[in-house]
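Written out below as structure tokens is the structure these notes cover.
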Amino acid sequence: MLHSHQLRGAFKPSDTIIAKKQFDEHHPLFHQVVVFTGVIQSMSRQDACQIVADFGGINGNSVTKQTTLLVVGNPDHRTPTNQKSSKELKAEKLSSQGQEINIISENEFIFMINLTQAKTEQ
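For the sequence shown, our numbering gives the first residue as 169, with consecutive numbering after it.
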């Protein structure tokens, strides 16, 4: 289901619809406040956000004091090559101030999802 503003092309991760009512409380995404930065190569940003929601995570639009996980994709056209995005820089700053925030790559995110799916299929 799309919201009216999504039809106009303005996707906001926090608007992802949570379809499930019960979640695996032991899943690494459960209750994580997740923000994506950069270009996600393996799927659309909307699909990535839906996966987070389906595992009981919360999607954030930007890095805040509530963020617990930042998934870093490839730099987009706005970020010069070999430089960190503003979201990554902010996450590092908050981490250095004592906030518990994990910064992982897209590959680590995919591994986390695949590992969990493999366990549920056994």
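For each residue, glycine too, the CB sits at the ideal point set by N, CA and C.
This one's a predicted model, so the numbers in the text were calculated from it and none came from an experiment.
Straight-line Cα distance separating residue j from residue i
{"i": "G206", "j": "E193", "result": "28 Å"}
{"i": "H245", "j": "E256", "result": "16 Å"}
{"i": "I208", "j": "F277", "result": "10 Å"}
{"i": "K189", "j": "E268", "result": "27 Å"}
{"i": "I281", "j": "T232", "result": "24 Å"}
{"i": "F279", "j": "C217", "result": "16 Å"}
{"i": "D183", "j": "L237", "result": "18 Å"}
Buried or exposed by the 16-neighbour rule on C-beta atoms within 10 Å, applied to residue i
{"i": "G225", "result": "buried"}
{"i": "K296", "result": "A question about residue 296 goes unanswered here, because the residues of the chain that appear run from 169 up to 290."}
{"i": "I219", "result": "buried"}
Within 8 Å, strictly: CB atoms of residue i and residue j
{"i": "A259", "j": "I271", "result": "yes"}
{"i": "V239", "j": "F204", "result": "yes"}
{"i": "V202", "j": "Q234", "result": "no"}
{"i": "E274", "j": "S210", "result": "yes"}
{"i": "P243", "j": "S254", "result": "no"}
Please determine if the segment 263-270 and the segment 213-228 are in contact, where contact requires at least 3 C-beta pairs separated by less than 8 Å. no
Start-end ranges of the alpha helix (DSSP H) lying completely within the segment 235-285, minimum 4 residues: Runs of the alpha helix (DSSP H) inside the segment 235-285: 254-264.
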